[in-house]
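As structure tokens, the structure follows; a few thoughts come after it.
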Amino acid sequence: MRLGYYLLAVFALAGCARQPAIAPHGIVSNNPCIDAVLAEIALPGQISAVSIYSHDADSASAPLAWARQLPAIGMNAEELLLARPKLVLTGNLASSGANAVLARAGIKSVALGVAPTIADDMQQIRAIAAVLDREDAGEALISDIQETLPNSQFSGPIISAIIWQNGGFVPGKGTLQDELLARHGFRNASAQYGLSSWGVLPIETLIRNPPMVIFMPTNARDSDARETRARQELLRHVGGRTRIVDFPDRLLFCGGPTIIKASAILKKTRAAFVKVMP
Numbered sequence: 007m008r009l010g011y012y013l014l015a016v017f018a019l020a021g022c023a024r025q026p027a028i029a030p031h032g033i034v035s036n037n038p039c040i041d042a043v044l045a046e047i048a049l050p051g052q053i054s055a056v057s058i059y060s061h062d063a064d065s066a067s068a069p070l071a072w073a074r075q076l077p078a079i080g081m082n083a084e085e086l087l088l089a090r091p092k093l094v095l096t097g098n099l100a101s102s103g104a105n106a107v108l109a110r111a112g113i114k115s116v117a118l119g120v121a122p123t124i125a126d127d128m129q130q131i132r133a134i135a136a137v138l139d140r141e142d143a144g145e146a147l148i149s150d151i152q153e154t155l156p157n158s159q160f161s162g163p164i165i166s167a168i169i170w171q172n173g174g175f176v177p178g179k180g181t182l183q184d185e186l187l188a189r190h191g192f193r194n195a196s197a198q199y200g201l202s203s204w205g206v207l208p209i210e211t212l213i214r215n216p217p218m219v220i221f222m223p224t225n226a227r228d229s230d231a232r233e234t235r236a237r238q239e240l241l242r243h244v245g246g247r248t249r250i251v252d253f254p255d256r257l258l259f260c261g262g263p264t265i266i267k268a269s270a271i272l273k274k275t276r277a278a279f280v281k282v283m284p
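Spelled out as structure tokens, the structure:
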């Protein structure tokens with residue numbers, strides 16, 4: 007029965023795609039957020055392939071130099087079957103049926119969704135570390151993340167802020183980014199605009215009632231570059247009322263080691279504000 011699934015995949019792709027140069031019977035990941043954790047805790051040679059998104063500078067959360075040393079693999083079941091892995095680390099693809107196809111082919115998969123809290127994210131790191139038999143490395147990464155987070159609630163003034171990515175998307179209540187803002191002494195302003203977990207905030211609304219800080223990309227390439235320049239030009243109207251801080255979109259994609267990078271920006275911004283406050 008397993009052979010049948012492999013043959014179906016081969017026939018479906020024959021002549022239209024080249025089989026990826028992936029060592030069989032290994033561990034593959036097709037999720038860029040999982041890749042970011044693997045880059046920190048996996049042993050050399052332990053991973054056979056990473057997500058295609060980790061080969062793209064605009065979408066990668068793992069270090070590019072690390073990711074590009076490994077073959078890339080996509081999201082569809084046929085490509086995963088052709089790779090003949092012993093284990094697939096993936097996102098929550100149950101709705102697309104990819105995980106079900108892997109199960110019928112006898113291929114084990116570990117599916118991890120989007121962690122809504124820092125605690126959930128740390129549990130996901132432990133889950134990844136466990137399947138790699140790298141528990142100590144997982145705990146070391148968790149310790150590094152914890153060191154970047156304030157140990158207690160801020161007693162000083164709370165600074166209103168929003169994370170505003172290209173396309174106008176804003177993380178609100180119930181997201182990991184919302185918790186990061188709170189942990190670093192910011193009040194997520196998304197609620198004042200009527201947004202819930204994730205929403206789209208038009209620039210006109212933002213300009214009418216801006217928060218004290220807008221975390222947003224200030225450097226972009228290709229199609230995002232025009233939008234970024236237009237947004238910056240319009241935001242000149244908020245003048246000295248609001249500080250705009252560079253916050254690349256890729257810092258919104260994942261938790262794991264990305265928390266360390268995002269926390270560094272939040273910590274630096276908070277310190278700069280406190281320094282000038284009476």
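In terms of this note's numbering, the sequence shown opens at residue 7 and continues consecutively. For glycine and all other residues, C-beta sits at the position ideal for the given N, C-alpha and C. All values reported here derive from a predicted model rather than from experimental measurement.
Bounding residues of the beta strand (DSSP E) (the contiguous stretch that carries residue i)
i: residue 166; result: 165–169
i: residue 115; result: 114–117
i: residue 252; result: 249–252
i: residue 193; result: 192–194
Inter-residue spacing [alpha-carbon to alpha-carbon] between residue i and residue j
i: residue 209; j: residue 252; result: 17 Å
i: residue 94; j: residue 34; result: 5 Å
i: residue 275; j: residue 150; result: 20 Å
i: residue 272; j: residue 260; result: 16 Å
i: residue 85; j: residue 262; result: 26 Å
i: residue 173; j: residue 206; result: 7 Å
i: residue 166; j: residue 62; result: 33 Å
i: residue 154; j: residue 47; result: 18 Å
i: residue 157; j: residue 190; result: 10 Å
i: residue 196; j: residue 51; result: 43 Å
Beta-carbon proximity of residue i to residue j, cut-off 9 Å
i: residue 55; j: residue 28; result: yes
i: residue 175; j: residue 219; result: no
i: residue 73; j: residue 66; result: yes
i: residue 183; j: residue 78; result: no
i: residue 37; j: residue 80; result: no
i: residue 280; j: residue 103; result: no
i: residue 223; j: residue 177; result: no
Where residue i falls, given that 16 or more other Cβ within 10 Å makes a residue buried
i: residue 101; result: Confidence at residue 101 is low in this model, with a pLDDT of 46, below 50, so the placement of that residue should be treated as unreliable; the coordinate-derived value is given next. Residue 101 comes out exposed.
i: residue 194; result: buried
i: residue 164; result: exposed
i: residue 130; result: buried
i: residue 112; result: exposed
i: residue 31; result: exposed
i: residue 277; result: exposed
i: residue 139; result: exposed
Residue interval of the alpha helix (DSSP H) (run including residue i)
i: residue 33; result: That residue, residue 33, is in no alpha helix (DSSP H); its beta strand (DSSP E) goes 33–35.
Quiz item: Which ranges would you report for the alpha helix (DSSP H) in the segment 28–111 if only whole runs of at least 4 residues count?
Solution: 38–47, 70–73, 83–89 and 104–110
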